[in-house]
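Numbering (our numbering), first residue to last: 14 to 141.
Report on the following structure.
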């Protein structure tokens with residue numbers, strides 16, 4: 014099996030995932046997953062597509078991720094791994110699609126408008 018390369022995005026985070034046969038090592042930006050994502054929740058998000066398709070420990074995953082915060086990065090990695098699982102086996106699509114793991118979350122930060130304090134918040138009006 015050759016290396017499968019997929020890209021996942023969430024907000025401003027972009028993750029490039031390289032999936033190959035191995036023992037289940039996940040390396041993110043040249044660090045182990047436990048060093049990069051210290052909370053169990055973020056580690057769970059990254060491992061979710063592997064757990065649902067029962068492929069934990071079958072593949073080595075190398076990830077390059079940049080931009081955004083740690084939650085956005087974790088969800089970008091999750092999307093990229095899900096896409097790689099679908100390329101590996103078409104039956105995985107039926108498992109991952111109902112869980113919402115193949116949908117790119119389109120929510121982005123709304124831009125700030127001129128004449129306003131923030132995107133929606135206005136300057137306070139005072140009658141003096």
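In this text, a Cβ means the ideal position worked out from N, Cα and C, and glycines have one as well.
Here the structure is a predicted model, which means the values were calculated and not measured.
For residue 78, no alpha helix (DSSP H) segment is defined; the enclosing uninterrupted segment is the beta strand (DSSP E) at 72-79. If you look at residue 37, you'll find it isn't in any beta strand (DSSP E); DSSP assigns it neither H nor E. Bounds of the alpha helix (DSSP H) holding residue 47 are 46-49. Under a 10 Å Cβ-count criterion, residue 57 is classified as exposed, with fewer than 16 other Cβ atoms of the shown protein chains found around its own Cβ. DSSP, read as helix, strand or coil, puts residue 19 in strand. Boundaries cannot be given for residue 25, as no alpha helix (DSSP H) includes it and DSSP labels it neither H nor E. For the 8 Å CB-CB criterion, residue 27 and residue 78 form a contact. With a threshold of 16 other beta carbon atoms within 10 Å, residue 54 falls short and is exposed.
C-alpha of residue 90 to C-alpha of residue 65: approximately 15 Å in a straight line. Between residue 30 and residue 74, the C-beta gap is smaller than 8 Å, which places the two residues in contact. By the CB criterion at 8 Å, residue 85 and residue 23 fall inside the cutoff. Annotation: residue 132 is outside any alpha helix (DSSP H) and is labelled neither H nor E by DSSP.
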